[in-house]
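Everything on this sheet refers to the single structure shown next.
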Amino acid sequence: MNTAPSLIEPFELLYPRIHKLWQQRLEDAKLTVFELESGPCHRILQVRVTQGQGPGYKDYILRIPWPWFNDIPFMIHYEVAPLELLKFNSIIPVPKVVAHDCTWDNPIRQPYVILECMAWRPLREVYCDLSPDEKRQIATQVAEMILNIQKVRDVHPGRPIWSHKTKGVLINPIDGGIPKSPTEARSSEEPSTQNYFQSFILQKVACAEGNDKIEASYLRRLHKIFLEMVPFEIWDDTDYVLSHGDLHMGNILVDGLKISGIIDWNLAQFAPRWYGCVPPVWLWDRRRTSARDEMFSAPRPINEEQRKVKQIFDDAVSPVFTRLAYQTQYRLARQLVNLIYVDPPVKSKFEALAQLESQWRCWRMVNGKSWRKADSKEEHSKKSKMGNPKSQRRIGRIGGR
């Protein structure tokens, strides 16, 4: 039963229960607990543990989902799974999961995740004070980190989820199918990307039809854009790579000028490569702090320093990434998927949908004809190579004489 408090619990009431939780793990532990800046989804605390009489200590991070979310157990499972998936990857630094509980049957009476504390300062705390050369060093590392994340693949598009039953990671496919074990070997029976997303959208439409006509209308409009994107080969990509889902300066930890950790993986998912090619506009534009600010990335940065940082990033990352990052149709496809996934307030999501419809209409109007011309030229070229069947028969007869 969910007995989580309906309001934010005062620290003074929570602390004794945190102490009790650690007593179960380490009987002679002495605790010092610090409340850190919390995120939109979690209350975050730093727990400093001292054992025995020695001067040494060890720091942990305790993450507790805010009680007003409806799917708290899934939040825990989605947070733990990517970290377990990447724990043997020495290139991508992620915190180690020490313990987690998705129930309320524990000393703190709330679901939680305990992580080992990494050597860290969030990049956002230091970036503005870096010299231009130091910013370019960070930009190179961000590019390398994104490429390393995209080297992790699976044949199923979906979110890694921790299975309490199997004590391992499964992939929860976006089409609502049965969670599957991670695998890189694609079989011929796997649905296409188009079919995966088609099933995903239509299932959401069907669920909304009987309960919420406004939501159903919203989803049908998204489905219309989805179908209009099909001829432009956006949904042909079956190379499903890992995407962090919320990579920004607050989720990148640095030790000096070295990236020491990537945190907050609860939105991670395997998706077509273009979905994860979100340009880190926050590297060259201080006004942008979120991955969702990518719509402002296409114009040239406003000053020479910012242009150099962007150029360093673009040179360090792959040409495929820059193509998928900056071409408008892929940005709009990312926006489409995010509007299907997320559940913002009704007014803001309809405003975002109207903006997407307008931008897609403009892009399609400008590029649709040239795309069809390119297709017709390619088809004509194929026919030319094959030759006219009548001519082939005539040539055959002549050659036979």
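Here the sequence shown stands for residues 1 to 401, numbered as in the UniProt record's numbering. Beta carbons: idealized from backbone N, C-alpha and C, even for Gly. Just so we're clear, the structure is a prediction, and the values are computed from it rather than from any experiment.
Residue span of the alpha helix (DSSP H) that contains residue i, given as start and end
i, result
"Pro16", "Phe11 to Arg25"
"Phe74", "Ile72 to Leu86"
"Glu134", "Pro132 to Ile149"
"Glu304", "Glu304 to Ala316"
"Arg124", "Leu123 to Val126"
"Gly168", "It is not in any alpha helix (DSSP H) - Gly168 instead sits in the beta strand (DSSP E) that spans Gly168 to Pro173."
"Ala206", "Thr193 to Glu209"
"His223", "Lys213 to Met229"
Cut-off 8 Å between Cβ atoms - residues of its own chain near residue i, not counting five sequence neighbours on either side
i, result
"Asp255", "Ala119, Trp120 and Arg121"
"Cys128", "Arg286"
"Met249", "Pro122, Leu123, Arg124, Tyr127, Trp282 and Thr289"
"Pro95", "Ile61, Leu83, Leu115, Glu116, Cys117, Met118, Gly261 and Ile263"
"His380", "With a pLDDT of 45 at His380, under the threshold of 50, the modelled position of that residue is not reliable, and no figure is offered here."
"Pro301", "Trp284, Asp285, Arg307, Val309 and Lys310"
"Pro132", "Glu305, Lys308 and Val309"
"Gln24", "Pro107"
"Gln392", "Low per-residue confidence applies at Gln392: pLDDT is 37, beneath 50, and the placement is therefore not dependable enough to give any value."
"Lys87", "Val94, Lys96 and Val97"
"Gly56", "Thr50"
8 Å contact criterion, which residue i and residue j should meet: CB distance rounded
i, j, result
"Lys349", "Leu339", "6 Å"
"Val155", "Glu116", "That pair is no contact at about 31 Å."
"Ala49", "Trp22", "Here residue 49 is Val; the residue named in the question, Ala, does not match the sequence. About 7 Å separates the two Cβ atoms, so the contact holds."
Own chain partners of residue i with C-beta closer than 6 Å, once the 5 adjacent residues on each side are dropped
i, result
"Ser376", "Because Ser376 sits at a pLDDT of 49, beneath the cut-off of 50, its placement in the model cannot be relied upon, and the point is left open."
"Val152", "Leu242"
"Arg17", "Pro107 and Ile108"
"Ile44", "Leu36, Ser38 and Arg63"
"Leu85", "Pro160 and Val169"
"Lys204", "Leu219"
"Ile395", "In this prediction, Ile395 scores a pLDDT of 30, lower than 50, which makes its location untrustworthy; the coordinate-derived value is nonetheless stated afterwards. No residues qualify anywhere along the chain."
"Val142", "Pro280"
"Leu14", "none"
"Asp314", "Thr322"
"Lys20", "Pro107"
"Glu144", "none"
"Leu130", "none"
Nearest to residue i (by Cα), restricted to the options the options
i, options, result
"Glu357", "Val241, Pro279, Gly250 and Arg221", "Arg221"
"Lys224", "Arg361, Gln137 and Ala99", "Arg361"
"Met229", "Asp264, Asn367, Leu31 and Ile72", "Asn367"
"Phe197", "Ala325, Arg17, Asp236 and Tyr57", "Asp236"
"Val80", "Ile64, Met249, Ile174 and Phe232", "Ile64"
"Ile149", "Thr183, Pro93 and Cys128", "Pro93"
"His42", "Lys20, Pro231, Ser192 and Asp71", "Asp71"
"Lys258", "Ile138, Val342, Val33 and Pro132", "Ile138"
"Val47", "Tyr57, Glu37 and Thr32", "Thr32"
"Lys310", "Leu227, Asp175 and Lys135", "Lys135"
"Ile234", "Ile8, Ser192 and Leu130", "Ser192"
"Pro10", "Trp66, Lys58, Gln23 and Gln24", "Trp66"
"Asp101", "Met75, Lys87, Ile91 and Ser90", "Met75"
"Gly245", "Leu14, Leu21 and Ile146", "Ile146"
"Phe200", "Thr183, Asp175, Pro55 and Gln23", "Asp175"
"Lys58", "Ile8, Gln359, Tyr240 and Val98", "Val98"
"Met365", "Phe313, Asn89 and Phe232", "Phe232"
"Phe226", "Leu247, Thr238, Asn195 and Asn251", "Asn195"
"Pro73", "Asn89, Thr103 and Gly56", "Thr103"
Span of the beta strand (DSSP E), counted from its first residue to its last, around residue i
i, result
"Leu242", "Tyr240 to Ser243"
"Thr322", "It is not in any beta strand (DSSP E) - Thr322 instead sits in the alpha helix (DSSP H) that spans Pro319 to Tyr326."
"Ile161", "Gly158 to Ser163"
"Gly261", "Lys258 to Ile262"
"Arg300", "Premise fails: Arg300 is in no beta strand (DSSP E) and is neither H nor E."
"residue 447", "With the chain running from 1 to 401 in the structure shown, residue 447 is simply not present."
"Arg273", "Note, Arg273: premise wrong, no beta strand (DSSP E); alpha helix (DSSP H) at Arg273 to Gly276."
"His248", "Premise fails: His248 is in no beta strand (DSSP E) and is neither H nor E."
"Arg63", "Lys58 to Pro65"
"Leu267", "Leu267 -> no beta strand (DSSP E), and no H or E assigned at all."
Cβ shell of residue i (< 7 Å), same chain only, five flanking positions each side left out
i, result
"Tyr78", "Arg159, Ile161 and Asn266"
"Trp363", "Thr328, Gln329 and Leu332"
"Tyr112", "Leu62, Arg63, Ile64, His100 and Asp101"
"Phe34", "Leu45 and Gln46"
"residue 402", "This structure gives no information on residue 402, because the portion of the chain shown stretches from 1 to 401."
"Ile91", "Asn148"
"Ile312", "Arg136, Ala139 and Thr140"
"Gln359", "Leu332"
Test: residue i CB closer than 7 Å to a CB of chain B
i, result
"Leu13", "Structure shown: chain B not included; a single protein chain is present."
Worksheet item: Taking three-plus beta-carbon pairs below 8 Å as touching, is the stretch 143 to 160 in contact with the stretch 263 to 270?
Response: yes
Discussion item. Within 8 Å, do at least three Cβ pairs link the stretch 352 to 369 to the stretch 307 to 319?
Written reply: no
Worksheet entry | Validate contact between the stretch 270 to 284 and the stretch 320 to 334 using beta carbons, cut 8 Å, 3 pairs | yes
Discussion item. Is it the case that the stretch 162 to 182 contacts the stretch 213 to 229, given that we only count it when at least three CB pairs across the two stretches are under 8 Å?
Written reply: no
Worksheet item: For the 8 Å Cβ check, are there 3 or more pairs between the stretch 204 to 211 and the stretch 299 to 314?
Response: no
Worksheet item: Counting pairs of beta carbons, one from the stretch 162 to 169 and one from the stretch 276 to 286, are three or more of them closer than 8 Å?
Response: no
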